[in-house]
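Participant:
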Amino acid sequence: MEITSTLFTAKAIYVGAIFAITLGVATYSTYFERIVAAFMQDRVGPDRAGPFGIFQPLADAVKMFMKEDFIPAQSDKWLFIAGPCLSMLTALMTSAVVPFGDTLDLGNGLMLDLQGIDVNIGILWVFGIVSLGVYGVLIGGWASNNKFALIGAIRAASQNISYELAMGLSIIAILMLSGSLSTKNIVEVQQGGHWNILYQPLGFVIFIVCAFAECNRTPFDLPECETELIGGYHTEYSSMKLGFYLFSEYINMFISGAVMATLYFGGYDYPGHDFIAGKFGNNIAVLLGVGAVIGKALVFVFIFMWVRWTIPRFRYDQLMGLGWTGLIPLAMFNVVLTGAVMLFTVNEGGSNWITIAGSWAGVALMLVVTAFYSQFQYKKNKLATA
Numbered sequence: 001m002e003i004t005s006t007l008f009t010a011k012a013i014y015v016g017a018i019f020a021i022t023l024g025v026a027t028y029s030t031y032f033e034r035i036v037a038a039f040m041q042d043r044v045g046p047d048r049a050g051p052f053g054i055f056q057p058l059a060d061a062v063k064m065f066m067k068e069d070f071i072p073a074q075s076d077k078w079l080f081i082a083g084p085c086l087s088m089l090t091a092l093m094t095s096a097v098v099p100f101g102d103t104l105d106l107g108n109g110l111m112l113d114l115q116g117i118d119v120n121i122g123i124l125w126v127f128g129i130v131s132l133g134v135y136g137v138l139i140g141g142w143a144s145n146n147k148f149a150l151i152g153a154i155r156a157a158s159q160n161i162s163y164e165l166a167m168g169l170s171i172i173a174i175l176m177l178s179g180s181l182s183t184k185n186i187v188e189v190q191q192g193g194h195w196n197i198l199y200q201p202l203g204f205v206i207f208i209v210c211a212f213a214e215c216n217r218t219p220f221d222l223p224e225c226e227t228e229l230i231g232g233y234h235t236e237y238s239s240m241k242l243g244f245y246l247f248s249e250y251i252n253m254f255i256s257g258a259v260m261a262t263l264y265f266g267g268y269d270y271p272g273h274d275f276i277a278g279k280f281g282n283n284i285a286v287l288l289g290v291g292a293v294i295g296k297a298l299v300f301v302f303i304f305m306w307v308r309w310t311i312p313r314f315r316y317d318q319l320m321g322l323g324w325t326g327l328i329p330l331a332m333f334n335v336v337l338t339g340a341v342m343l344f345t346v347n348e349g350g351s352n353w354i355t356i357a358g359s360w361a362g363v364a365l366m367l368v369v370t371a372f373y374s375q376f377q378y379k380k381n382k383l384a385t386a
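Just so you know, the working numbering puts 88 at position 88 of the sequence shown, and the rest follows in order with no gaps.
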């Protein structure tokens, strides 16, 4: 009974720590996005609220709390309130199956698995919760009784459905290589530097593009396109209800980065892991692994911010065309290529290097085909407009 109570307490502390880290990263992502934007635009960023502007997120939070909590007269009140709450809840729930570290030794034979829940359908959990997130947007847009909010919500739903298909197909190749749906097992297969990015470069490119679309980040921020839809699905929102929508976007960025680190970059694996475990103990190596996951996720958060200030927004027809006629065929080709390379490797008794070479050769082939196809389309459009 005492052992169970101790493990429950340790797990509760771990879950609380992960939530605190996630919320802290999301809070200060607003500050770092302003810093990145200032750097990109060659100007001074936030520097008034505290030294170097580090209290700017707190000032933003106070501003949000002080704003009037406005609810439109003709809106559906309870659904209007439920929309941002659902978006926030689904954003936080995704982190439950992300393995932030290996097993921690608590002494007396107690071992703590640094993962919220270790289920053998972890990838399905991620996709299930992500697909539920669109309900928060749809409910908020519909309950607002505003045509711009409704159009933004419909755009978000169609965009998420379109890009979830390509994202799911890109994951199939990972499942073929690891032989498991468990995120923990996927990380364990990559131990020793055998990261999936070496075997799945095309799958990673597809996944990260879809992650931009799922997070509604530029150049896929059509649901919030201010030039067409004012504020999109959260046009009628103010105060902390608006803050919940904006906050959930930054949480999704961090969790998406953690998922990409888990699937393609070894998760909590890092160079020198075995050396540190042997010299300083397993627990030190495990804690450094937690830092490795968070560090990799923060790199992806920076990429999200970098792209926002680099690439212009797509038109809606371009966005849907990229998803249905570009990424989905590429993802299907990647699955076929992965299966062919795996079959050849097994039959010929080849090494991992053959798998890596075959994967990158497939990427090179697709680049050549894409280049010729782009030239063909360019000439075709030029003749059509001549």
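Virtual Cβ for every residue (Gly too), placed ideally from N, Cα, C.
(1) Hey, is the region 26 to 36 in contact with the region 237 to 251, meaning 3+ C-beta pairs nearer than 8 Å?
(2) Starting from the N-terminal side, write out each stretch of the alpha helix (DSSP H) that is 4 residues or longer and does not extend beyond the region 28 to 88.
(3) Per DSSP, D387 forms a beta bridge with which residues?
(4) Classify T90: buried if its beta carbon has 16 or more other beta carbons within 10 angstroms, exposed otherwise.
(5) Sort L202, I208 and G152 by Cα distance to L222 and report the nearest one.
(6) Taking Cβ positions, are Q200 and S359 nearer each other than 8 Å?
(7) Taking the alpha-carbon of L138 as reference, which of I354, G323, I161 and L175 has the nearest alpha-carbon?
(8) Less than 6 Å between C-beta atoms, sequence neighbours within five positions excluded: which residues of the same chain meet that for S182?
(9) Along the alpha helix (DSSP H) that carries V189, what are the first and last residues, could you check?
(10) Label E236 either buried or exposed according to how many other C-beta atoms from any shown protein chain fall within 10 Å of its C-beta, with 16 as the threshold for buried.
(11) Which runs of the alpha helix (DSSP H) at least 4 residues long sit entirely within the region 145 to 219? Give them in chain order.
(12) Would you call L110 buried or exposed, if buried means 16 or more other Cβ atoms sit within 10 Å of its Cβ?
(13) Using DSSP with H/G/I as helix, E/B as strand and the rest coil, what is F127?
(14) Can you check which of these residues, Q159, E188, A156 and V205, is closest to S170 by C-alpha distance?
(15) Roughly how many angstroms lie between the CA atoms of L112 and T103, to the nearest whole one?
(16) DSSP three-state call for I276: helix, strand or coil?
(17) Grab the span of the alpha helix (DSSP H) containing T262 for me, first residue to last.
(18) Out of F280, G101 and W78, point me to the one whose CA is closest to A261's CA.
(19) Just verifying my parser: in three-state terms, what is the DSSP assignment at K309?
(20) Is I117 near A96, with beta carbons less than 8 Å apart?
(21) Do M342 and M176 have their beta-carbon atoms positioned less than 8 Å apart in this structure?
(22) Do the CB positions of N145 and Q74 come within less than 8 Å of each other?
(23) Can you tell me whether DSSP reads Y233 as helix, strand or coil?
(24) State buried or exposed for M305, treating a residue as buried only when at least 16 other CB atoms are found within 10 Å of its CB.
(25) For a quick check, are the C-beta atoms of I54 and Y31 less than 8 Å apart?
(26) So, at 6 Å on beta carbons, what are the nonlocal neighbours of A424 in its own chain, with the 5 sequence-adjacent residues on each side left out?
(27) T218: buried (16+ other C-beta within 10 angstroms of its C-beta) or exposed?
(28) Closest by CA to E68, which one among M320, A157, G136 and L242?
(29) Which of the three DSSP states is assigned to N283 in this structure?
(30) Under 8 Å, with one C-beta from each stretch per pair, do the region 31 to 45 and the region 306 to 319 reach the 3-pair mark?
(31) Please report the straight-line C-alpha distance between P329 and P84, rounded to a whole angstrom.
(32) I'd like the list of long-range same chain contacts for P46, defined as Cβ closer than 7 Å, with 5 residues on each side in sequence excluded.
(33) Going by alpha carbons, who is nearest to L298 out of T345, R315, V259 and N283?
(34) Compute the beta-carbon to beta-carbon distance between Y163 and C215, rounded to the nearest angstrom, for a pair I have assumed lies under 8 Å.
(35) Expressed to the nearest angstrom, what Euclidean distance is found between the alpha-carbon atoms of A156 and L106?
(36) Between the alpha carbons of V363 and A61, how many angstroms are there, rounded?
Facilitator: Reading from the atomic positions:
(1) yes
(2) 56 to 66
(3) Residue 387 is absent from the structure shown; the chain starts at 1 and stops at 386.
(4) buried
(5) G152
(6) yes
(7) I161
(8) N120 and G122
(9) T183 to V189
(10) buried
(11) 147 to 178, 183 to 189, 196 to 199 and 201 to 214
(12) exposed
(13) helix
(14) V205
(15) 5 Å
(16) helix
(17) S239 to Y264
(18) G101
(19) Sequence check: residue 309 is Trp here, not Lys. It is coil, neither helix nor strand.
(20) yes
(21) yes
(22) yes
(23) helix
(24) buried
(25) yes
(26) Past the boundaries of the shown model lies residue 424; the chain is included only from 1 to 386, so the question cannot be answered.
(27) buried
(28) L242
(29) helix
(30) yes
(31) 34 Å
(32) Y31, R34, G53 and Q56
(33) V259
(34) Not really, about 10 Å apart at Cβ, beyond 8 Å.
(35) 45 Å
(36) 45 Å
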